[in-house]
Amino acid sequence: ISTPQRQRGFAAVFAAIAMIAMLSAVALAIDIGRLYTAQRDLQKLANLSALDAVRVASGCSVETNGTPGGEAQADAEARASLARNAKASLVEDLQLTTDVGRRTPLSQSGDTQSFEVLPDASPLRDAVRVQLSRPGPNRIIPGITGDSSLRLVATAVAAQPAKGKIAIGSDTLALNGGLLNSVVGGLL
Numbered sequence: 007i008s009t010p011q012r013q014r015g016f017a018a019v020f021a022a023i024a025m026i027a028m029l030s031a032v033a034l035a036i037d038i039g040r041l042y043t044a045q046r047d048l049q050k051l052a053n054l055s056a057l058d059a060v061r062v063a064s065g066c067s068v069e070t071n072g073t074p075g076g077e078a079q080a081d082a083e084a085r086a087s088l089a090r091n092a093k094a095s096l097v098e099d100l101q102l103t104t105d106v107g108r109r110t111p112l113s114q115s116g117d118t119q120s121f122e123v124l125p126d127a128s129p130l131r132d133a134v135r136v137q138l139s140r141p142g143p144n145r146i147i148p149g150i151t152g153d154s155s156l157r158l159v160a161t162a163v164a165a166q167p168a169k170g171k172i173a174i175g176s177d178t179l180a181l182n183g184g185l186l187n188s189v190v191g192g193l194l
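First residue of the sequence shown: 7, per this note's numbering; consecutive thereafter.
Below, the structure is given as structure tokens:
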């Protein structure tokens, strides 16, 4: 026989089970949101670092005076970019890998590309690949919402091929092979 008192006990047990399930779902949703935000922020940092590093590697920065920089200079610029753009507490946890090389097409249509690492002396270098890695954010309930040893990884490739070089000097009017010499030589 089912009595009202017994039914109240069942309702309390059912409410407790439902409450645990709802709290677990809320914790999971919060953890997923925090993971998404942390990954998005890490990707932004990788993009900024790659853009700053490729300026140095391609020689298009004031610091390099038009001379392409090597992998060490690109790595230093990527680290400086992280120091400028990331929180100090985050920079300590970041692991950075910087490679200098070029992008190469994989398919005939050219829509998919790969990255080829090249030595510092190679004239074909026009791109930088930056890979950042950091521990994932702490979980609300570690056993239920996932493994707390998760590492987030973001990779960005930036390319800046040299389009030309402009040099300003006084060679235009030089008498030993400049423009004036060729005009005057043609007239004589």
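Don't be surprised by glycine CBs; every beta carbon is placed ideally from N, CA and C.
Item                                                                                                        : Value
Nearest-angstrom beta carbon gap, D132 and A165 [assumed within contact, 8 angstroms]                       : 5 angstroms
Exposure label - E98; buried when at least 16 CB within 10 Å                                                : exposed
Whole runs of the alpha helix (DSSP H) within the stretch 37-102, excluding any shorter than 4 residues     : 77-91, 94-99
Burial state of Q101, where buried means 16 or more other Cβ atoms lie within 10 Å                          : exposed
Pairwise C-alpha distance: A33 and I147                                                                     : 7 angstroms
Cα-Cα separation, I23 to R61                                                                                : 58 angstroms
Where A27 sits in the DSSP three-state scheme                                                               : helix
CB contact flag (G107, L124, <8 angstroms)                                                                  : yes
Cα-Cα separation between S155 and R40, rounded to whole angstroms                                           : 15 angstroms
Outcome for V134 when other beta-carbon atoms lying within 10 angstroms are tallied against a minimum of 16 : buried
Three-state secondary structure assigned by DSSP to L179                                                    : Annotation note: pLDDT 49 at L179 (below 50); position unreliable, coordinate value reported separately. Correct three-state label for L179: helix.
R46 burial status per 10 Å Cβ neighbour count (16 or more: buried)                                          : exposed
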